[in-house]
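Residue numbers (this note's numbering): 1 to 138.
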């Protein structure tokens with residue numbers, strides 16, 4: 001699948017249960033169809049990270065790519081994603097006023113323990129046929 005220019009791309013750890021649940025949550029609350037998804041372990045995920053001088057094998061963070069504009073990782077990515085969700089979730093974006101070092105410290109604490117606390121799959125998530133069109137790495 002071609003990389004869409006008009007969608008924000010979320011790269012996530014495809015074997016992480018927390019990350020997979022977060023992607024499912026985002027899909028459910030993405031009423032304006034803003035996002036497309038790929039695992040960091042996929043060829044396209046590795047390519048997109050590499051284009052931004054990021055080693056996907058060492059990344060323990062979600063990565064949000066806004067084509068032609070910027071990319072965000074760690075807490076900044078999570079907050080920018082929340083800003084585009086339906087319901088009250090955009091209010092979470094107010095957390096952007098907290099110092100980045102503090103937000104990322106909290107993010108890193110969860111990221112470091114995500115497999116221990118939430119578990120890990122043996123392989124990347126396979127989207128259901130209904131959701132397959134949302135994934136650029138299929």
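Using N, Cα and C, we set each Cβ at its ideal position, and we do this for glycine too.
**Prompt:** At a cut of 8 Å, does the stretch 78-91 reach the stretch 42-51 through at least three beta carbon pairs?
**Reply:** no
**Message:** Three Cβ pairs or more, each shorter than 8 Å: is that satisfied between the stretch 9-25 and the stretch 55-66?
**Reply:** yes
**Request:** Whole angstroms is fine: what's the gap from residue 43's alpha carbon to residue 137's?
**Result:** On the chain shown, residue 43 is found 43 positions in, with the first residue counted as 1. On the chain shown, residue 137 is found 137 positions in, with the first residue counted as 1. Near 7 Å, if we compare the C-alpha coordinates of residue 137 and residue 43.
**Request:** Run the CB neighbour count on residue 65, radius 10 Å, all protein chains shown included, and call it buried at 16 or more, exposed below.
**Result:** Within the chain shown, numbered from 1, the residue matching residue 65 stands at position 65. Around the beta carbon of residue 65, a 10 Å sphere encloses 16 or more other beta carbons of the protein chains shown; the residue is thus reported as buried.
**Run of the beta strand (DSSP E) containing residue 137, from where it starts to where it stops** = To locate residue 137, count along the chain shown from 1; it is residue 137. Taken as a continuous stretch (DSSP letters only), residue 137 belongs to no beta strand (DSSP E), as it is neither H nor E.
**Asked** Would you report the Cα separation of residue 118 and residue 111, rounded to the nearest angstrom?
**Response** Within the chain shown, the letter at position 118 stands for residue 118. Within the chain shown, the letter at position 111 stands for residue 111. Approximately 10 Å between the Cα atoms of the pair.
**Message:** So, at 7 Å on beta carbons, what are the nonlocal neighbours of residue 7 in its own chain, with the 5 sequence-adjacent residues on each side left out?
**Reply:** Residue mapping note: residue 7 aligns to position 7 of the chain shown, counting from 1. Once the five neighbours on either side are set aside, the close Cβ partners of residue 7 are 34, 35, 36.
**Request:** Pick out whichever of 92, 67, 70, 68 has its Cα sitting closest to the Cα of residue 79.
**Result:** By 1-based counting over the chain shown, the position of residue 79 is 79. Comparing Cα-Cα distances from residue 79 to each of 92, 67, 70, 68, the minimum goes to 92.
**Message:** Cutting at 8 Å between CB atoms, please list the residues of its own chain near residue 107, excluding the five before and the five after it.
**Reply:** Taking the chain shown and counting its residues from 1, the one referred to as residue 107 is at position 107. Contacts found: 61, 74, 75, 78.
**Prompt:** Looking only at its own chain, which residues have a Cβ that is under 8 Å from the Cβ of residue 4, when we skip the five neighbours before and after it?
**Reply:** The residue given as residue 4 occupies position 4 in the chain shown. If we look at residue 4 and ignore the five residues flanking it on each side, its Cβ neighbours are 36, 67, 136.
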